[in-house]
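Before any comments, here is the structure.
In my numbering, the protein residues as written are 2 to 242.
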């Protein structure tokens, strides 16, 4: 069973029903978490967390929420788990319970095709990057000396890039590849790489015993080939290892 709730206020809370797992997700970040033509949530993260919930014997309820509010939503117990390509970093390790990674990718720099002045992080110094303010990519851009134009997600970042309001955006290579494959947009391109691998995991509140069960479920899904199968469906290759 799958239920979707839009997080529009503070009244939502983590599931009081032990048989329900409430999941916070954007729903606008293809191919990881997005709404299909039928309006239903789908994507790599969605299918992986549904498989995890099935192993745990729980029903899933999704709470759609903007990325920049997603950790606040977790902390205020509006849901139990974030499934939205949470990049693993030291700050998040210290603040949240993170699962073992289920996506392995890398960050890339995206520019307009007619811009040849940016090919590396060093070239972002003094430039403007469109990023969701609380993402790892925003931090990477800031560390490179870029100014941040805050956006609600990757789609808006690309829109601002195309109209020339920003110089670049940094994001996951898998998300960029999905965008170009689906849209055929040749006005933007991958201009360079960030030079670092990116590992993504689920996030829960610090100390939540739920994460140990999630990790066990991921171990099982990795061993029985389920993670690889879901990955192949969305990316044509296994990005789960």
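Idealized CB from N, CA, C, for every residue including glycine.
- Residue nearest to residue 146 within the set 122, 43 and 26 is 122 (criterion: CA-CA distance).
- When DSSP assignments are scanned along the region 93 to 142, the uninterrupted stretches of beta strand (DSSP E) that are 3 or more residues long and fall wholly within it turn out to be 97 to 99, 104 to 113 and 129 to 132.
- Taking all protein chains shown into account, residue 102 has 16 or more neighbouring C-beta atoms within 10 Å of its C-beta and is therefore buried.
- In chain order, 162, 163, 165, 188, 189 and 190 place their CB closer than 8 Å to the CB of residue 113, counting only its own chain and leaving out the 5 sequence neighbours on each side.
- Note on geometry: alpha-carbon atoms of residue 209 and residue 228 lie some 24 Å from one another.
- Burial is judged here by how many other beta carbons sit within 10 angstroms of a residue's own beta carbon; residue 150 has at least 16 and is buried.
- DSSP places residue 187 outside any alpha helix (DSSP H), giving it a letter other than H or E.
- The DSSP-derived three-state label of residue 172 is strand.
- Ranked by how close their Cα comes to the Cα of residue 199, the residues 70, 170, 159 and 241 have 241 in first place.
- Residues 192 and 193 of the same chain have their beta carbon placed closer than 6 Å to that of residue 120, with the five preceding and five following residues left out of the count.
- The region 66 to 84 makes contact with the region 20 to 30: 3 or more CB pairs, one atom from each, lie closer than 8 Å.
- Around the CB of residue 172, 16 or more other CB atoms lie within 10 Å, so the residue is classed as buried.
- A direct Cα-to-Cα measurement between residue 72 and residue 17 gives close to 19 Å.
- Looking from the CA of residue 60, the closest CA among 51, 76 and 148 belongs to 51.
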